[in-house]
Amino acid sequence: MKSYTKYLKMHTRQKKEIVNITSEIEEAVTESKIKEGICLVNSMHITSSVFINDEESGLKQDFLKWLEEIAPENPSYLHHHTGEDNADAHLKRTIMGREVVVAITKGALDFGPWEQIFYGEFDGQRDKRVLIKIMGE
Amino acid sequence: MKSYTKYLKMHTRQKKEIVNITSEIEEAVTESKIKEGICLVNSMHITSSVFINDEESGLKQDFLKWLEEIAPENPSYLHHHTGEDNADAHLKRTIMGREVVVAITKGALDFGPWEQIFYGEFDGQRDKRVLIKIMGE
Amino acid sequence: MKSYTKYLKMHTRQKKEIVNITSEIEEAVTESKIKEGICLVNSMHITSSVFINDEESGLKQDFLKWLEEIAPENPSYLHHHTGEDNADAHLKRTIMGREVVVAITKGALDFGPWEQIFYGEFDGQRDKRVLIKIMGE
Numbered sequence: 069m070k071s072y073t074k075y076l077k078m079h080t081r082q083k084k085e086i087v088n089i090t091s092e093i094e095e096a097v098t099e100s101k102i103k104e105g106i107c108l109v110n111s112m113h114i115t116s117s118v119f120i121n122d123e124e125s126g127l128k129q130d131f132l133k134w135l136e137e138i139a140p141e142n143p144s145y146l147h148h149h150t151g152e153d154n155a156d157a158h159l160k161r162t163i164m165g166r167e168v169v170v171a172i173t174k175g176a177l178d179f180g181p182w183e184q185i186f187y188g189e190f191d192g193q194r195d196k197r198v199l200i201k202i203m204g205e
Numbered sequence: 069m070k071s072y073t074k075y076l077k078m079h080t081r082q083k084k085e086i087v088n089i090t091s092e093i094e095e096a097v098t099e100s101k102i103k104e105g106i107c108l109v110n111s112m113h114i115t116s117s118v119f120i121n122d123e124e125s126g127l128k129q130d131f132l133k134w135l136e137e138i139a140p141e142n143p144s145y146l147h148h149h150t151g152e153d154n155a156d157a158h159l160k161r162t163i164m165g166r167e168v169v170v171a172i173t174k175g176a177l178d179f180g181p182w183e184q185i186f187y188g189e190f191d192g193q194r195d196k197r198v199l200i201k202i203m204g205e
Numbered sequence: 069m070k071s072y073t074k075y076l077k078m079h080t081r082q083k084k085e086i087v088n089i090t091s092e093i094e095e096a097v098t099e100s101k102i103k104e105g106i107c108l109v110n111s112m113h114i115t116s117s118v119f120i121n122d123e124e125s126g127l128k129q130d131f132l133k134w135l136e137e138i139a140p141e142n143p144s145y146l147h148h149h150t151g152e153d154n155a156d157a158h159l160k161r162t163i164m165g166r167e168v169v170v171a172i173t174k175g176a177l178d179f180g181p182w183e184q185i186f187y188g189e190f191d192g193q194r195d196k197r198v199l200i201k202i203m204g205e
């Protein structure tokens, strides 16, 4: 069994932003030389997400608008008694998910026709990291 | 380390439908001959889900009704400017999840008393696929 | 490849409660003697969750309040025709997630600065279990 670990640095310009990281993950799979296995990709922070969906700019805006409706910014969260102002980002990240696990088959991400991997930032404009862990043979 | 890959074909009669796929996953685990490891099961499409919950017909209807409330069909999504009409299916799939990772212990899915695996379709009536990737020894 | 399996017993005092289980997972990683690999942690029940977020008491209350808003207790669920009264717990668990997969690097959970693992109970006051499956070398 082989394993391969890589960290991506993320720093979004916007506070809330969805970034396509598929090519970075594909690069890590190639570097790992693993042909059959799995690839775990996760945010290392609790106000951002890694998820799989569609590369379409309108849909990415729909996601951000929808998240604002079901997990709105609001000064009344108890979490804000600590001096924080980002409780909504913790909720938004929960909806979108922390991680994805992707199969690797014949040396490549085993994806359907439209699957793309995204980093979802909900409290950005500062340094964050994404972890890639690949296991297999 | 051994690995085993299998693809299930899905084609629901309804546009929105929840299908129990537990026996298909159990069959793949048996075929893999893997006794200790993990089993990844994911939708290969971005408007459908794989998730674990309860085999109870009322609850499955509750899920579909609830998803319609928090991620409704609506003509005003920006995604629909592309000619698509299924933005709600992308959101519903996000709530239900893309994938599950299940432990394999002593050659079987290591499940609690009520765990069952489902395929959740939110834009169906056409061919789709589910990926099963099993790793272990 | 090595694998290690462990079950945690859970029994919350409250019906709805969020419990930090990070130290129990770290203990299992040490016991496994696995240095590079992955650790799957999942609820074995369909009305409770395992998820990663922040150890902050106000935020934990925010989570429970928010879940009550988007997946409320309500006598009108169809699931309740079976005699059950916990349909909301099935929905809440879906939002929070069934499982996490965490990388193990150099013998430890490969976590960002604030990541902690929680068990989220939404229909408690009875015996439940969490599964830990560790794979690697």
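Chains as they are written, first to last, in the working numbering: chain A, 69 to 205; chain B, 69 to 205; chain C, 69 to 205.
Glycine residues also receive a C-beta, built at the ideal position from the N, C-alpha and C atoms.
Just so it is clear, the structure is predicted and the values come from calculations on it, not from any experiment.
query                                                                                                                              : result
Selection from B:S71, B:R194, B:I86 that minimises the alpha carbon distance to I185 of chain B                                    : B:I86
Residues of the stretch 130-150 of chain B whose Cβ lies closer than 8 Å to any Cβ of chain A, in chain order                      : I138, A139, Y145, L146, H147, H148, H149, T150
Closer than 7 Å to chain B by CB, A171 of chain A                                                                                  : yes
Runs of alpha helix (DSSP H) lying entirely within the stretch 118-191 of chain C, each at least 4 residues, in chain order        : 125-138, 155-164
T73 of chain C, DSSP secondary structure in three states                                                                           : strand
Reduced DSSP category for I93 of chain B - H, G, I as helix; E, B as strand; rest coil                                             : helix
Sub-7 Å separation of K160 of chain C and A176 of chain C beta-carbons                                                             : no
Any non-hydrogen atom of the ligand ADP within 6 Å of N110 of chain C CB                                                           : The ligand ADP is absent from the structure shown, which contains no ligands of any kind.
Cut-off 7 Å between Cβ atoms - residues of its own chain near N88 of chain C, not counting five sequence neighbours on either side : E123, Q184, F186
Test: I120 of chain C CB closer than 7 Å to a CB of chain A                                                                        : yes
Boundaries of the beta strand (DSSP E) in which R81 of chain B is found, first to last residue                                     : Here R81 of chain B belongs to no beta strand (DSSP E), and DSSP marks it neither H nor E.
Neighbouring residues, chain A, relative to L108 of chain B (Cβ below 7 Å)                                                         : I106, V169, A171
Inter-residue Cα distance where the pair is I102 of chain A and L76 of chain A                                                     : 19 Å
Beta-carbon separation (whole angstroms), I200 of chain C vs G105 of chain C, contact threshold 8 Å                                : Not really, about 12 Å apart at Cβ, beyond 8 Å.
Pick from A:H113, A:P143, A:D178, A:K84 that is closest to L135 of chain A, judged by C-alpha positions                            : A:K84
CA-to-CA distance, Q82 of chain B to D195 of chain A, given in whole angstroms                                                     : 45 Å
Minimum Cβ-Cβ distance from A155 of chain A to chain C less than 7 Å                                                               : yes
7 Å Cβ cutoff, G175 of chain B in contact with chain C                                                                             : no
At least three beta-carbon pairs within less than 8 Å, the stretch 152-172 of chain B to the stretch 155-171 of chain C            : yes
CB contact check: H79 of chain B to chain A, cutoff 7 Å                                                                            : no
Residue(s) in a DSSP beta bridge with I202 of chain C                                                                              : C:Y72, C:C107
Exposure label - E189 of chain B; buried when at least 16 CB within 10 Å                                                           : buried
Buried/exposed call for E167 of chain B, threshold 16 Cβ in 10 Å                                                                   : buried
Cβ neighbour criterion (16 or more within 10 Å) applied to Y151 of chain B                                                         : Contrary to the premise, residue 151 of chain B reads as Gly rather than Tyr in this sequence. It counts as exposed.
Inter-residue Cα distance where the pair is T173 of chain A and G204 of chain B                                                    : 15 Å
7 Å Cβ cut-off: residues of chain B touching M164 of chain C                                                                       : Going along chain B, no residue has its Cβ under 7 Å from M164 of chain C, so there is no contact; the nearest lies around 11 Å.
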